[in-house]
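Student:
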Amino acid sequence: MHTGPMAERANHSGGESLAHQRGDRQRSAQDRARQTVRRVIDATVDIVVAEGEAAVTIGRVGRATGLSRGAIYHHFDDRDALVRAAQFDRLARQPLGDIEALRAAIRATNTREEFAAVIGLMALTICDRARHAVRTVRASVMAASAAHPDLEQALRRLETSVADDLVDVIREGQQRGLVTNSVDAVAIGALIEAVSFGLLIVDFIDHPPDPASLATAVTNAFLSFLPEFP
Numbered sequence: 001m002h003t004g005p006m007a008e009r010a011n012h013s014g015g016e017s018l019a020h021q022r023g024d025r026q027r028s029a030q031d032r033a034r035q036t037v038r039r040v041i042d043a044t045v046d047i048v049v050a051e052g053e054a055a056v057t058i059g060r061v062g063r064a065t066g067l068s069r070g071a072i073y074h075h076f077d078d079r080d081a082l083v084r085a086a087q088f089d090r091l092a093r094q095p096l097g098d099i100e101a102l103r104a105a106i107r108a109t110n111t112r113e114e115f116a117a118v119i120g121l122m123a124l125t126i127c128d129r130a131r132h133a134v135r136t137v138r139a140s141v142m143a144a145s146a147a148h149p150d151l152e153q154a155l156r157r158l159e160t161s162v163a164d165d166l167v168d169v170i171r172e173g174q175q176r177g178l179v180t181n182s183v184d185a186v187a188i189g190a191l192i193e194a195v196s197f198g199l200l201i202v203d204f205i206d207h208p209p210d211p212a213s214l215a216t217a218v219t220n221a222f223l224s225f226l227p228e229f230p
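When we follow the working numbering, the leftmost residue of the sequence shown carries the number 1, and every step to the right adds one.
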């Protein structure tokens, strides 16, 4: 029986190998779980976008993904939890595109006039009635978070991240002389978000303003944050 240093090294090496294998298996299992969750959420989002929340059933999601009910319930407590996850996923996607568009615009423009034109185009996008669905999803997720602490925490992380990204873009605009330095970037970002989300109210008015006129009003408000605004 080998009990010398070589045997000890072999035992140690064997132990490390087994631990490494266990670690690889755990990572592989985690990757598969993440992929499964992604498939389920994507399929649920497709159903919600096409037909609304009411059309979502565990059976239908299972048929779309090829997963059993048990596999889906392993990751989601119930149908409502799945719908919340899908709506949160939809919510998380939208602001990133808007912020990156603003960042690109700031980097591509060099004059106040050019940037003012960009603001006008962005205001048209914000005021487009097609954004009703996006704002409704956000309101739905916010309302659901009141009864679900885990969702509230995830929403706080998301909204904080979005706000931080927006503030970074505004500060970049300030550094380039396109946005006034007389107002705190955090405050400007908060107003932009408040206007964008607050337009949800307009979506429920029987006689809403024309989108183009509304965009003009929003543009004029945002133009006040450009330097040397007359």
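C-beta atoms are modelled at their ideal positions from N, C-alpha and C, and glycine is treated no differently.
If you follow the alpha helix (DSSP H) that residue 161 is in, where does it begin and where does it stop?
Tutor: Segment 149 to 175, the alpha helix (DSSP H) holding residue 161.
Student: Could you tell me if residue 161 is buried or exposed, where buried requires 16 or more neighbouring beta carbons within 10 angstroms of its beta carbon?
Tutor: With fewer than 16 other Cβ atoms within 10 Å, it is exposed.
Student: From 64, 85, 59 and 114, pick the residue whose C-alpha is nearest to that of residue 138; which is it?
Tutor: Here the closest residue by C-alpha is 85.
Student: According to DSSP, is residue 220 part of a helix, a strand, or is it coil?
Tutor: Three-state result, residue 220: helix.
Student: Tell me the rounded alpha-carbon separation between residue 230 and residue 224.
Tutor: Residue confidence for residue 230 is low, a pLDDT of 45 falling below 50, so the modelled location carries little weight; the figure read from the coordinates is stated next. The straight-line gap from Cα to Cα measures roughly 9 Å.
Student: By the DSSP assignment, the alpha helix (DSSP H) with residue 52 in it spans what residues?
Tutor: Where residue 52 is concerned, there is no enclosing alpha helix (DSSP H), given that its DSSP letter is neither H nor E.
Student: Quick check: residue 145 and residue 155, are their CB atoms within less than 8 Å of each other?
Tutor: A contact, by the Cβ cut-off of 8 Å.
Student: Measure the alpha-carbon distance for residue 166 versus residue 213 and round it to whole angstroms.
Tutor: Cα to Cα, residue 166 sits roughly 25 Å from residue 213.
Student: Among residues of its own chain, excluding the 5 on either side of residue 173, which ones have a beta-carbon nearer than 7 Å to its beta-carbon?
Tutor: If we look at residue 173 and ignore the five residues flanking it on each side, its Cβ neighbours are 106 and 179.
Student: Taking the alpha helix (DSSP H) that residue 189 belongs to, which residues open and close that run?
Tutor: Residue 189 -> alpha helix (DSSP H) spans 185 to 198.
Student: Using only alpha-carbon positions, find the residue among 227, 142 and 38 that is nearest to residue 182.
Tutor: It is 227.
Student: State yes or no: is the C-beta of residue 64 within less than 8 Å of the C-beta of residue 36?
Tutor: No; because the gap between Cβ atoms is not below 8 Å, this pair is not in contact.
Student: Please state if the CB of residue 58 and the CB of residue 79 are separated by a distance shorter than 8 Å.
Tutor: Result yes, Cβ atoms of residue 79 and residue 58 sit closer than 8 Å.
Student: I need the straight-line Cα distance from residue 103 to residue 136, nearest angstrom please.
Tutor: Their backbone Cα atoms lie some 25 Å apart in a straight line.
Student: Where does residue 91 sit, in a helix, a strand or coil, going by DSSP?
Tutor: Correct three-state label for residue 91: helix.
Student: Less than 8 Å between the C-beta atoms of residue 219 and residue 120, yes or no?
Tutor: Result yes, Cβ atoms of residue 219 and residue 120 sit closer than 8 Å.
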